[in-house]
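Residue numbers (the working numbering): 6 to 116.
No residue lacks a Cβ here, since even glycine has one placed at the ideal position from N, Cα and C.
Here is the structure we will look at, set down as structure tokens.
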Amino acid sequence: MTDRTAIARPIDPAVFADVPLRDLYRFKGALDTVGCEAEDEDAAALAMSMAGVVERAAVAHPAADPAESLLKFLLTLEHGVPLMDEDLVPMIAEARRVLALDLGETAPKPD
Numbered sequence: 006m007t008d009r010t011a012i013a014r015p016i017d018p019a020v021f022a023d024v025p026l027r028d029l030y031r032f033k034g035a036l037d038t039v040g041c042e043a044e045d046e047d048a049a050a051l052a053m054s055m056a057g058v059v060e061r062a063a064v065a066h067p068a069a070d071p072a073e074s075l076l077k078f079l080l081t082l083e084h085g086v087p088l089m090d091e092d093l094v095p096m097i098a099e100a101r102r103v104l105a106l107d108l109g110e111t112a113p114k115p116d
């Protein structure tokens, strides 16, 4: 890695205190995608670090309804579960379908 990551300051998860969980969920998903697909190692590391900050903010955020409880579950587990985990992967897929319906989005197809 180069010195470019030295310019990134630590971010306090509290800055996201007023951000709705739905937005944190979408933001973390985008950061996870960048972190996994970026060709530049520094950019990938920075995106993954920021995704961790967003995840910590979501955990601290109180869930106001069942949909937000699902969002918190997905924020903390969705991208960190090995695809071969026979127990959690189906639960995550089901939570994503229920949440998509609650948000008025097209439900993802079963995995």
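Taking the CB atoms as reference points, tell me whether residue i and residue j lie closer together than 8 Å.
i: L36; j: V59; result: yes
i: L76; j: Y30; result: yes
Between the alpha carbons of residue i and residue j, how many angstroms are there, rounded?
i: E42; j: S54; result: 14 Å
i: P18; j: E91; result: 32 Å
i: L82; j: D70; result: 19 Å
i: A68; j: S74; result: 5 Å
i: A49; j: A72; result: 30 Å
i: D47; j: R102; result: 34 Å
i: G34; j: F78; result: 13 Å
i: F21; j: I97; result: 24 Å
i: T38; j: D45; result: 13 Å
i: E99; j: L51; result: 30 Å
i: P25; j: P95; result: 26 Å
i: I16; j: L106; result: 33 Å
Candidates the options: which alpha carbon is nearest residue i's?
i: D23; options: A62, L51, R101; result: A62
i: D28; options: A100, H66, E99, P95; result: H66
i: L80; options: F32, A52, D45; result: F32
Hey, would you say the C-beta of residue i is under 7 Å away from at least one heavy atom of the ligand COA?
i: E91; result: This structure simply doesn't include the ligand COA, nor any ligand for that matter.
Of all the alpha helix (DSSP H) runs that stay within the bounds of the region 57 to 102, which reach a length of 4 or more residues?
For the region 57 to 102, whole alpha helix (DSSP H) runs of length 4 or above, ordered along the chain, are 71 to 82.
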